[in-house]
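One structure is given here, and the rest of the page talks about it.
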Amino acid sequence: MSRKLREDESAAATEIGYVFTFLLGLMFLSSFSIWVWGLEVSTQDRWTEEALEENLLAVGAAVERADEAARLDVDARYAEPVDLYLSSAAGLNLEMWLTDDSLHLSDGKEMYRTSQPISGAAATTHSGTIKLSGIDTIWVVLDAGQVTIQVEQPGF
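Be aware that the sequence shown starts at 1460, since it is given in this note's numbering, and climbs by one per residue.
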């Protein structure tokens, strides 16, 4: 019995086809993963902006209610808690501050910078600055003709 080697290239061509098919699938999977990751990041950015805007509107409305209480009674004392969205976003370095004419919100890079005007129809002064990292609730407090935003619940 003698055996002879023969040249058969059909098996090699099949193996090369398998390799190219695998690489093509890998390319499609990678492209799909990159597309899904971009979609997730843009959705997260949109939700972050909406949460920040909602926080600003809620605190601004509470400041307006405190001003209304001051217009009704000069010696009024008022405190309102405002629950925040996105309180776990510690990496954004968010800061909220209140001036006599606006409520401002900004992050460390000023990528998210927005303001909410305050009517200022009452004879009150507005002040307060809060770093929002890890804060769940902001208190809007009216005491002695001054409206402030603060983290601590007032003791009156």
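Yeah, the Cβ is synthetic: ideal placement off N, Cα and C, and Gly gets one too. Bear in mind the structure is a predicted one, so any value in this text is a computation, not a measurement.
query: In the DSSP assignment, find the unbroken alpha helix (DSSP H) run with V1495 in it and report its ends.; result: 1469-1531
query: Contact check, I1594 vs L1515 under 8 Å by CB: the rounded distance?; result: So it is not a contact: roughly 14 Å between Cβ atoms.
query: For D1566, which residues from the same chain have a beta carbon less than 7 Å from its beta carbon, with the 5 sequence-adjacent residues on both sides left out?; result: L1551, N1552, L1553
query: Spell out a yes or no on whether the region 1485-1500 and the region 1514-1533 are touching, meaning 3 or more CB-CB pairs, one atom from each, closer than 8 Å.; result: no
query: Is it buried or exposed for V1478, if we count other Cβ within 10 angstroms and need 16 for buried?; result: exposed
query: Whole angstroms are fine: how far does the CA of S1574 sit from the CA of F1615?; result: 30 Å
query: For Y1537, list the residues DSSP reports as bridge partners.; result: L1601
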